[in-house]
Structure formats: C-alpha cells, structure tokens
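Going by this note's numbering, the sequence shown opens with residue 316, and the numbers climb by one from there.
Please read the structure below before turning to the comments.
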Amino acid sequence: MPANQHGTHCAGIAGAKGNNNLGVAGVNWNVKTMPVVYGSATEANSVKAYGYVLKQRKIYNSSNGTQGAFVVSTTNSSWGIDNGQPSNYPLWCAFYDSLGKAGILSAGAGPRIIMSTLDVVGDIPTTCPSNFMIAVTNTTNADAKNSGAGYGVINMDLGAPGTSILSTVPTNSYGLLTGTSMATPQVAGAVGLMYAGASSLFIQLSKTNPDSAALLFKQFILSSVDTLPSLAGITVSNGRLNVSKMLQKVRVSNVPVLNPFSLRTPLAGTTLTSLPFGTTQYNITWDTSATGATYRFVFGSPTTSPRKISIPAGTNSITLTSGQLDIILAGLGLNPGDSLVGQWDAWTYRFRPLNDSLKSNNGPRSITMKEEFRSYQHLI
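If you want it as structure tokens, here you go:
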C-alpha cells in the first residue's frame with residue numbers, strides 16, 4: 316500500500332491476520348485482501364479501479380473458480396466526494412450495479428460532519444442509487460453515533476465502530492484512527508466473514524446467482540443490527556453492525572421463499588402532510604413478510620419510472636415522521652404548499668431466480684404527499 320497510512324489502516328480492520336500473537340486481528344482474520352491503488356477520487360480513476368476488481372470476479376465466475384478472484388468482501392470505499400450528487404457522477408454510480416451483478420457488494424464511507432442529512436446535501440458514493448451499495452456511518456465505544464459522522468434515513472444503511480480504532484499502519488506498526496473510513500472496513504470484513512461461514516446452500520447460490528446472493532447477504536447484515544437510539548430515524552436499519560447475529564443467518568440450510576402479500580395502509584386517497592421537525596407518524600404497512608426477505612416501499616409511478624421515493628424495509632412496515640417526510644420532499648425540490656400526487660406500492664428484492672421480485676397483490680394505490688407551509692419564527 317502507499318506510504319499514506321489510510322489504506323493500510325483500513326485493510327487491517329477488514330482482514331489483518333489473526334491467531335498469530337501479533338498486533339491486531341481483522342473482522343475477517345483469515346482472508347486475502349486485494350489492495351487497489353487508484354490515485355485521486357475522480358470518476359475516471361474510480362471506474363478504472365473498480366473495473367480491475369470486476370474483471371477478476373468475472374474471470375472467477377466464468378472459469379468456475381480456477382482463475383481470477385472470488386471477490387465478495389465488498390469493495391471498501393473509505394473515500395469519496397462530500398456533497399457529491401449522483402447525477403454528476405453517472406459512470407461511477409452505475410458501476411456499483413455492474414459489480415453487484417457479478418456478486419460484489421460495495422461498502423461506502425459516509426461523509427464527515429454535515430449541517431443536514433446526506434439525503435439532501437449528497438455524497439459520493441453513499442448516495443449512489445444502487446441496491447448493492449452499503450453506506451456506513453461511525454459509532455463510538457459508547458455505542459452511539461459519532462457526532463462528526465454523516466446520516467440519512469434514505470441512504471445511510473447502518474453504523475459500525477469507527478472511533479479510535481487500532482489497526483495496521485506502514486513501517487510494521489499500529490495506530491489509532493477515527494472516521495467513517497474506519498467503520499466501513501468493519502462491514503467489508505463482515506461480508507467476507509459471512510461467505511466464509513455460510514452453509515453450502517448459500518455458497519451454491521453465490522456461484523449460480525451471484526447477484527441474488529449479494530442482495531440476500533446485504534439484507535442479512537441490515538436485519539441483524541443492534542438498534543441504537545442515536546441511529547434510530549436517521550439510518551435505514553436504525554442500528555449498528557452485529558457480526559454474531561449476522562453469522563447466525565447464513566448458517567441455516569434454507570434460502571427463504573417470498574410470500575404473497577397485500578397493502579394495508581395508507582389507504583387510497585390519503586394525504587401525508589410533512590412538517591419541519593414534526594413528530595406525527597405515518598405507518599406504511601402490508602400484511603405479511605417472509606423471514607429473510609427484504610421489502611421496498613416505492614412512491615411515484617411504482618410500475619414504471621420514475622420512482623420518486625424508494626425505502627427498503629426488513630419487515631412488513633415502515634414508519635416515517637412528518638419531519639422525516641419534510642426532509643424527503645425538500646430533497647425532491649418541493650416548496651412549502653406544494654403537493655406531489657402519485658402511487659405507492661411495495662416490492663421485494665430478487666433473491667432466487669424462480670422468485671424474482673414480487674409486488675403486492677392489491678397495489679399500487681394513489682396518495683398525495685404535501686409539503687406543509689413552514690414557520691421559521693422559532694428560529695429567530
């Protein structure tokens with residue numbers, strides 16, 4: 316790795332050798348890492364770096380494992396562009412889907428302290444609209460979000476320890492560093508550990524349908540977190556990585572099958588009204604969920620593009636406050652008093668080829684989302 320300690324430190328967190336009475340052990344302590352030196356964080360450099368990783372996994376897939384590399388333990392992106400918008404980096408963002416189709420998840424480090432949610436201000440790569448991206452924020456040894464770490468109820472998936480983390484640095488030494496850059500390789504290492512501990516059925520799925528396996532493993536990570544008050548309502552999972560719970564999910568011998576389901580609330584014709592800092596709760600529900608399956612609430616034109624809002628859920632419900640809805644609608648460009656009329660529905664992810672994606676059997680439903688008039692008197 317280059318003389319700069321950042322990459323070496325991240326590599327040690329993800330996969331430093333264990334059980335050798337030396338220094339530190341990585342989250343996955345018996346794994347091969349693939350360091351890729353890419354230069355500065357430009358779109359061209361990023362695509363070139365990711366392209367090398369993708370090529371190695373494609374060679375592995377096509378040669379039945381005799382060549383290339385079984386890259387699964389996510390591309391660890393402890394770098395990026397604060398306040399970056401996906402529309403300005405289309406090739407960069409699109410590459411995460413290309414990696415995912417080959418079976419590679421990508422862990423991305425959230426931004427440093429920001430004045431607003433990254434759902435509004437943007438960040439690359441964590442706001443890239445790919446199901447194969449896992450966005451990570453930084454938690455402390457007190458099990459709370461680090462005050463200097465970014466957040467976002469739509470784009471920030473989970474937290475992981477990233478404060479005062481001891482790991483490898485150049486010159487055969489060790490050092491403490493803090494940041495989402497340290498939290499992200501915790502997740503990258505965890506993905507590799509899942510594949511190492513998975514039952515034969517899951518491994519077979521990863522060979523025959525690598526994209527389905529990758530999405531399933533992402534769902535296992537997000538659904539096995541420890542819920543933390545400091546992450547509730549500002550991340551997708553509301554919690555911090557729990558490797559033990561995660562591993563339990565891949566030791567079972569069956570891959571979950573999706574069940575038919577019906578929408579419950581909100582009813583057709585309902586208006587959801589936003590309010591800055593509002594606490595009114597809107598419950599979006601359907602009547603069943605399959606163990607291990609991931610569902611997704613979509614609003615806009617659910618059966619075609621564009622989908623204005625898309626929020627994943629591990630169970631059969633999503634709860635949004637009027638304050639969270641205000642942030643979402645503001646991010647869509649709505650002004651106070653504006654209304655957005657559309658349809659909502661729920662879909663599942665694709666996990667198995669015979670159970671691709673399954674939508675509700677009674678959607679979509681027409682609803683209205685309204686941006687309430689704001690009063691700023693309390694800010695004066």
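Note that CB positions come from ideal geometry on N, CA and C, so glycine has one too.
All of these numbers come straight from a predicted model, not from anything done at the bench.
Quick one: what's residue i bridged to in DSSP?
i    : result
R555 : G474 and D541
N396 : Note that residue 396 is Ile in the sequence shown, not Asn. DSSP lists I439 as partners of I396.
G657 : I682
F612 : I626 and A661
M448 : S421
Q596 : T636
L335 : Reading off the sequence shown, one finds Asn at residue 335, where the question assumed Leu. Paired residues: none, contrary to the question.
L481 : L491
A464 : R427
K522 : Paired residues: none, contrary to the question.
Counting only the same chain and skipping the five closest in sequence on each side, list residues whose C-beta sits under 6 Å from that of residue i.
i    : result
S690 : Because S690 sits at a pLDDT of 48, beneath the cut-off of 50, its placement in the model cannot be relied upon, and the following sentence gives the value as read from the coordinates. Contacts found: none.
Y597 : L587 and L635
H693 : Low local confidence applies: a pLDDT of 39 at H693 is under 50, so the model's placement there is unreliable, with the coordinate-based value given in what follows. Taken in chain order, the list of residues that qualify is empty.
G490 : V484
F612 : I599, I626, I633 and A661
P500 : C325, I328, A329 and N391
What does a CB cutoff of less than 7 Å around residue i pick up in its chain, not counting 5 residues either side in sequence?
i    : result
K533 : L420 and I449
S545 : A459 and K460
I632 : Reading the sequence as shown, one finds Ser at residue 632 and not Ile. Excluding residues within five positions, the ones whose Cβ falls inside 7 Å are N598, I599 and T600.
I642 : T432, D434 and V435
G425 : L433, D438, T441, A450, V451, T452, A464, G465, M471 and T495
V386 : M349, V368, Q371, R372 and I419
T630 : S604
D541 : G554, R555 and N557
Y365 : T390, F410 and L414
A528 : G418, F517, L520 and S521
P525 : N376, A417 and G418
L669 : Its pLDDT being 41, under 50, L669 is placed unreliably in this model, and the value from its coordinates should be taken loosely. Hits under 7 Å: none found.
Secondary structure at residue i, three-state DSSP: helix, strand or coil?
i    : result
R372 : helix
P500 : helix
Y353 : coil
P668 : Unreliable positioning characterises P668 in this predicted model, as indicated by a pLDDT of 38, which lies under 50. A coordinate reading is not provided.
A424 : strand
Y691 : Residue placement at Y691 cannot be trusted, given a pLDDT of 45 that sits under 50; the coordinates are not used to answer.
I536 : helix
A513 : coil
T636 : strand
Q382 : coil
W344 : coil
G490 : strand
N727 : In the structure displayed, the chain extends from 316 to 695; residue 727 sits before or after that span and is not available.
T495 : helix
N403 : helix
L590 : coil
N360 : helix
L578 : strand
Can you tell me the Cβ-Cβ gap for residue i and residue j, rounded? I've got them flagged as a contact below 8 Å.
i    : j    : result
Y404 : L433 : The Cβ separation is near 15 Å, so there is no contact.
G383 : R372 : 6 Å
I624 : G615 : 7 Å
Y698 : A628 : The requested residue 698 is not part of the displayed model; the chain covers only 316 to 695.
G678 : P617 : 7 Å
F579 : D602 : The residue you asked about is not Phe; residue 579 is Arg in the sequence shown. Contact flag correct, Cβ pair sits at about 6 Å.
Among the residues of its own chain, which have a CB less than 8 Å from the CB of residue i, if the five just before and after it don't count?
i    : result
A331 : G338, V339, A340, G341, W344, S482 and T483
I428 : S462, G463, A464 and G465
C408 : P401, I439, P440, C443, P444 and S445
L543 : T454, D458, A459, K460, G474, N553, G554 and R555
N676 : P575, F576 and S577
M497 : H324, C325, I328, S393, N453, P476, G477, T478, I480 and S482
F535 : M509, M561, K564, V565 and G607
T550 : T452, Y466, G467, V468, M471, D472, L473 and G474
Under 8 Å between C-beta atoms, does residue i make it to chain C?
i    : result
G629 : Going by chain labels, chain C is absent from the structure shown, which holds only one protein chain.
*Three or more C-beta pairs closer than 8 Å, one from the region 645–658 and one from the region 680–687: is that the case here?*
A contact exists between the region 645–658 and the region 680–687.
*Taking three-plus beta-carbon pairs below 8 Å as touching, is the region 497–513 in contact with the region 337–356?*
Contact between the region 497–513 and the region 337–356 is present: 3 or more CB-CB pairs across the two stretches fall below 8 Å.
*Are the region 440–448 and the region 553–560 touching, with three or more C-beta to C-beta distances below 8 Å?*
Segments in contact, no.
_I want to know whether the region 588–595 touches the region 637–646 - three or more CB-CB distances under 8 Å._
In short, these stretches touch, since the Cβ pair count reaches three.
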